[in-house]
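Trainee: Quick note, the sequences are listed as chains L and P, same order. Each residue of the first sequence is one higher than the one before, starting from 4 at the first, in my numbering. Each residue of the second sequence is one higher than the one before, starting from 205 at the first, in my numbering. Ideal placement from N, C-alpha and C gives every residue a C-beta, glycine not left out.
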Amino acid sequence: MIYLDNAATTLKKPESVIEAVTDAMRTMGNSSRGTHEVSLSTSRTIFDTRVKLAEFFGADDPENVIFTCNSTEALNIAIRGTVNDGDHVITSVLEHNSVLRPLYLLERERKVSLSFLSSDEKGDIDPEEIRKLIRPETKAIVVTHASNLTGNMTDIRRITEIAHEYGLLTIVDASQTAGSKKIDIKDMGIDILCFTGHKAMMGPQGTGGLVIGEGIDIRPFKVGGTGVKSYLTTQPEEYPARLEAGTMNGHGIAGLNAAVDFINSVGLDEIDSKEQGLMKRFHDGVKDITGIKIYGDFDAPRTAIVCLNIGDCDSGQVSDVLAVDYGIATRPGAHCAPLMHKALGTVSQGAVRVSFSYFNTFDEVDQAVKAVKEIAEELKI
Amino acid sequence: MIKERSLKKIITFHTTTDAIGFERYCMENGIPGRLIPVPGEISAGCGMCWMVPLEKAEAADRLAEEGIMKTEGSFILTM
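#1: From alanine 81/L to tyrosine 361/L, what distance separates their C-alpha atoms?
#2: Of the residues Ser351/L, Ala371/L, Gly89/L, Val350/L, which one's Cα is nearest the Cα of serine 358/L?
#3: Given a cut-off of 8 Å, decide if glycine 255/L and proline 207/L are closer than it, judged by their beta-carbon atoms.
#4: Contact criterion: CB-CB distance below 8 Å. Does proline 241/P meet it with respect to chain L?
#5: So is proline 223/L in contact with chain P if we call contact Cβ pairs under 8 Å?
#6: Which whole-angstrom value is the C-beta distance of threonine 220/P and glycine 249/L, which I expect to be below 8 Å?
#7: Hey, how far is the Cα of histidine 148/L from the Cα of alanine 346/L?
#8: Which residue from Lys376/L, Gly89/L, Leu103/L, Glu22/L puts its Cα closest to that of glycine 294/L?
#9: So is arginine 53/L in contact with chain P if we call contact Cβ pairs under 8 Å?
#10: Give a yes or no on whether 8 Å exceeds the smallest Cβ distance from threonine 275/P to chain L.
#11: Residue range of the alpha helix (DSSP H) that glycine 228/L falls in?
#12: Going by DSSP, what residue range makes up the beta strand (DSSP E) through isoleucine 246/P?
#13: Is the Cβ of threonine 216/P closer than 8 Å to any Cβ of chain L?
#14: Could you tell me which of Asn260/L, Thr180/L, Ala326/L, Ile195/L sits nearest to leucine 271/L, measuring between CA atoms?
#15: To be precise: take each residue of the stretch 223–241 of chain P, compare its Cβ to all Cβ atoms of chain L, and keep it if any distance is under 9 Å. Which residues remain?
#16: Rounding to the nearest angstrom, what Cα-Cα distance links lysine 283/L and valine 269/L in this structure?
#17: Anything in the stretch 243–257 of chain P with a Cβ closer than 8 Å to a Cβ of chain L? List those residues in chain order, please.
#18: For a quick check, are the C-beta atoms of isoleucine 165/L and valine 146/L less than 8 Å apart?
#19: Report the partner residues of alanine 332/L according to the DSSP bridge assignment.
#20: Whose CA, out of Glu66/L, Glu140/L, Asn155/L, lies closest to the CA of glutamate 98/L?
#21: In this structure, does DSSP put threonine 173/L in helix, strand or coil?
#22: Given that leucine 43/L touches chain P, what residues does it touch there, using C-beta distances under 7 Å?
#23: Please compile the residues from chain P whose C-beta is within a distance smaller than 9 Å of the C-beta of glutamate 66/L.
#24: Do three or more CB pairs link the stretch 62–70 of chain L to the stretch 297–311 of chain L at distances below 8 Å?
#25: What does DSSP give as the partner residue(s) for cysteine 253/P in the beta ladder?
#26: Would you be able to state if there are at least three C-beta pairs under 8 Å between the stretch 8–18 of chain L and the stretch 194–214 of chain L?
#27: What residues are listed by DSSP as bridge partners for isoleucine 221/L?
#28: Between the Cα of threonine 85/L and the Cα atoms of Lys185/L, Lys142/L, Ile292/L, which residue gives the shortest distance?
#29: Under 8 Å: do the stretch 211–227 of chain P and the stretch 247–265 of chain P share three or more Cβ pairs, one atom per stretch?
#30: Evaluate contact between the stretch 229–238 of chain P and the stretch 255–272 of chain P, counting only Cβ atoms and requiring at least three cross-stretch pairs below 8 Å.
#31: Please state the DSSP three-state secondary structure of phenylalanine 60/L.
#32: If you measure from the beta carbon of glutamate 217/L to each beta carbon in chain P, is any gap under 8 Å?
#33: Can you look up phenylalanine 50/L in the DSSP assignment and give me helix, strand or coil?
#34: Roughly how many whole angstroms lie between the Cα atoms of leucine 117/L and isoleucine 93/L?
#35: Mapping the DSSP letters down to three states, classify serine 101/L as helix, strand or coil.
This is how it looks when you write it as structure tokens:
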């Protein structure tokens, strides 16, 4: 199979990640639950991973790295833990349902009101539009670092600069960029970063987290056992225990630890450069095929995604032919990004998303280009 | 086997992260001691604490007293 659905999850993981997980499954106990060597070594691994991720994302204190099972959980914690009754939140039409649904739920549950930054025909938002949407009760801006549909990146620095002029909290969904783009929360003005471990980070599914800036207060989302302060009837106040309850995914975190090491050993610039090279080769190969429509802004910073349609053909049908006849995995349909599809006019057709990872090859790209050409010819577009 | 009791310095922590961070610093810098379950006589945030024989406790004490590492409290117990 040629796997080009890396925006959903990376299929090929570094061997060191797989070994770290299997080794952990043979040796790990439960962190924070004792001082015998098995529990302590687990606690050490988890601590080490916090330290590495703090450095990776530019946080000063590893205690401000909170582990979750994915970005969705991280975003739920961030949004539900900071937005209050009657608040107004600014978000965008680029967002994934992991941002939209928590916000819609707050609309219903807590009389929160929402405004959406609009996109142009290329799928870009304008940070200056934030100023037009500000109200006295505006509390936060929740925005993606890059669209999971088009790959377009947002200008996070400009967004957070403007947001902080108005005293807004900035929450950033880095699901599509963590692991392939440099992120420094202090440098980029990010108050709460939400990331996942299983996409460009190349770690296991079931990992992810928040990286919280100094002085940011988030109410607990789930409460339960923490291994500390057992006689307290409330969740401990201190991070990370405040936002972590129950047994940690130690095995997964061990894998994430190895994934950070792998990325650091190769270098983020090298990884980004290779992914961009693969994406550009594919884009150049398909953009002039008759009947192909490509979505997104290829003149601005982006992730390694090419989103396209062939004529009026249903995206699901195209993706199915690619999978069955050519052995190429892509993702069709709505991509959990309903507002982006509405903005692009692709609600009924959907779109075929082709997404690359560091481990894809130019040969795979060339085969994918050939496949798209043949499908377009067959459809006589 | 329960060993002969002697005076120990006990350093407690608010969180597991603080405890493991303290251990890492000590291991990297050759500071004696180890993590043990918090003795019943002491109440602490985190369930593990740093224990070191009192006569070897100077270096660990300094970490706590000078705020080099985050700690909660400091005790002397016979254990």
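Mentor: Considering the structure as presented:
#1: 30 Å
#2: Ala371/L
#3: yes
#4: yes
#5: no
#6: Wrong, their Cβ atoms sit about 14 Å apart, outside the cutoff.
#7: 18 Å
#8: Lys376/L
#9: yes
#10: no
#11: From DSSP, glycine 228/L is part of no alpha helix (DSSP H); its letter is neither H nor E.
#12: Looking at the DSSP string, isoleucine 246/P is not in any beta strand (DSSP E), and its letter there is neither H nor E.
#13: no
#14: Thr180/L
#15: Ala223, Ile224, Gly225, Glu227, Arg228, Arg238, Leu239, Ile240, Pro241
#16: 21 Å
#17: Gly249, Cys250, Gly251, Met252
#18: no
#19: Tyr6/L
#20: Asn155/L
#21: strand
#22: Leu239
#23: Thr219, Thr221, Asp222, Gly225, Lys274
#24: no
#25: Ile240/P
#26: yes
#27: None, per the DSSP bridge assignment.
#28: Lys142/L
#29: yes
#30: yes
#31: helix
#32: no
#33: helix
#34: 6 Å
#35: helix
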